[in-house]
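A short write-up of the structure that comes next.
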């Protein structure tokens, strides 16, 4: 595509001011936007050639299952939290009130039994009561007193939280439920893909209604910071070129040179690539150099475009 155009710029030359100029081309490191989840494409918010801002919605996949899974996980988390709170606070006030009422009734019965025992003790001492009747009175007093102690213990226990092991186990259930909510939310979020950076859409690879496999790219875009120029220099010029070196990029249709800086210099020699092949350079070994323009200047260049690079 760009080979014929680049051939017009072939060779290394030196203009009138004797500054070396090298031939090259523009290359873009495209970003392919995809989802980790599979689904039917329900919304495509961009089109080819459109400029997009960082965070802008690009496409969406159907998310019925993921939405339902998130709702289920949220309900399970709420139930786990409620059960943990119940264990931590003990019985509910109405339940404690019932036990207190039973305690009051038992206390009254115990008081009556104790009073009856005291009377029976006096009558037995006076000879007006048999030993069997006294024993029955004593047993009744002891039984009712034991009921009072049992119900008092129940009231005390009802106000206590659950056992430490039970609380710890339920707290772990809450953590697991929270993790399930986080996972379900992440899967749902994966059905909506946004632009990771500002840039331009170069292609859309699916249409609305088509099934998209997990990981398959739906949109191809190019952020301006991912655009670079590759050019090739002879070994003799290599010593004067290092990362950070300023260069000027000249292209057809550009009103002025585009400034850039060298970012990479290959240390491996290669024959002149076919894309910039010329009679003058057909036997020369060259080294590949990469330079990047400023983000603001990057939109002036286009992938595949032939350029001439002048050292500054």
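In my numbering, the protein residues as written are 154 to 465.
Where a beta carbon is used, it is the ideal one built from N, C-alpha and C, also for glycine.
Note that the structure is predicted; figures quoted are calculated from it, not measured.
Using 7 Å as the cut-off, classify the Cβ of residue i as near or not near the heavy atoms of the ligand MN, replying yes or no.
| i | result |
| --- | --- |
| residue 390 | With respect to the ligand MN, the structure shown offers nothing to examine, as it has no ligands at all. |
Any idea which residues DSSP pairs residue i with across the strands?
| i | result |
| --- | --- |
| residue 364 | 193 |
| residue 394 | Partner(s): none; residue 394 has no beta bridge. |
| residue 357 | 372 |
| residue 349 | In DSSP, residue 349 forms no bridge with anything. |
| residue 260 | None, per the DSSP bridge assignment. |
| residue 277 | Partner(s): none; residue 277 has no beta bridge. |
| residue 423 | 439 |
Assuming residue i is part of the alpha helix (DSSP H), what are its boundary residues?
| i | result |
| --- | --- |
| residue 329 | 317-342 |
If the criterion is Cβ atoms closer than 8 Å, does the pair residue i and residue j meet it?
| i | j | result |
| --- | --- | --- |
| residue 418 | residue 442 | yes |
| residue 230 | residue 330 | yes |
| residue 249 | residue 308 | yes |
| residue 341 | residue 219 | yes |
| residue 222 | residue 192 | no |
| residue 353 | residue 202 | yes |
| residue 402 | residue 459 | no |
| residue 351 | residue 205 | yes |
| residue 282 | residue 288 | no |
| residue 400 | residue 450 | no |
| residue 214 | residue 194 | yes |
| residue 378 | residue 448 | yes |
| residue 242 | residue 304 | no |
| residue 318 | residue 233 | no |
| residue 461 | residue 415 | no |
| residue 409 | residue 190 | no |
| residue 270 | residue 291 | yes |
| residue 237 | residue 332 | no |
What residue range does the beta strand (DSSP E) around residue i cover?
| i | result |
| --- | --- |
| residue 462 | 459-464 |
| residue 187 | 184-187 |
| residue 416 | 411-418 |
| residue 438 | 438-446 |
| residue 177 | 174-181 |
| residue 381 | 380-387 |
| residue 401 | 399-403 |
So that I know if they touch, is there some Cβ in chain C lying closer than 8 Å to that of residue i?
| i | result |
| --- | --- |
| residue 423 | Absent here is chain C; the protein component of the structure consists of one chain. |
Note to self: Within 8 Å, do at least three Cβ pairs link the region 171-178 to the region 379-387?
What the structure shows: yes
Next item on the list: Take every Cβ of the region 190-210, pair it with every Cβ of the region 395-409, and state whether three or more of those distances are shorter than 8 Å.
Entry: no
Margin query: If contact is defined by three or more beta carbon pairs under 8 Å, each pair taking one atom from either stretch, is the region 365-380 in contact with the region 408-427?
Written below: no
Margin query: Does the contact criterion of 3 or more C-beta pairs under 8 Å hold for the region 221-228 versus the region 334-351?
Written below: yes
Check: Between the region 179-190 and the region 448-464, do at least 3 Cβ pairs fall closer than 8 Å?
Finding: yes
Checklist line | Sequence ranges, beta strand (DSSP E) only - wholly within the region 191-238, length at least 3 | finding: 192-197, 210-214
Notebook entry, point to check: Would you call the region 354-364 and the region 251-267 touching, i.e. three or more CB-CB distances under 8 Å?
Noted result: no
Notebook entry, point to check: At a cut of 8 Å, does the region 293-308 reach the region 262-269 through at least three beta carbon pairs?
Noted result: yes
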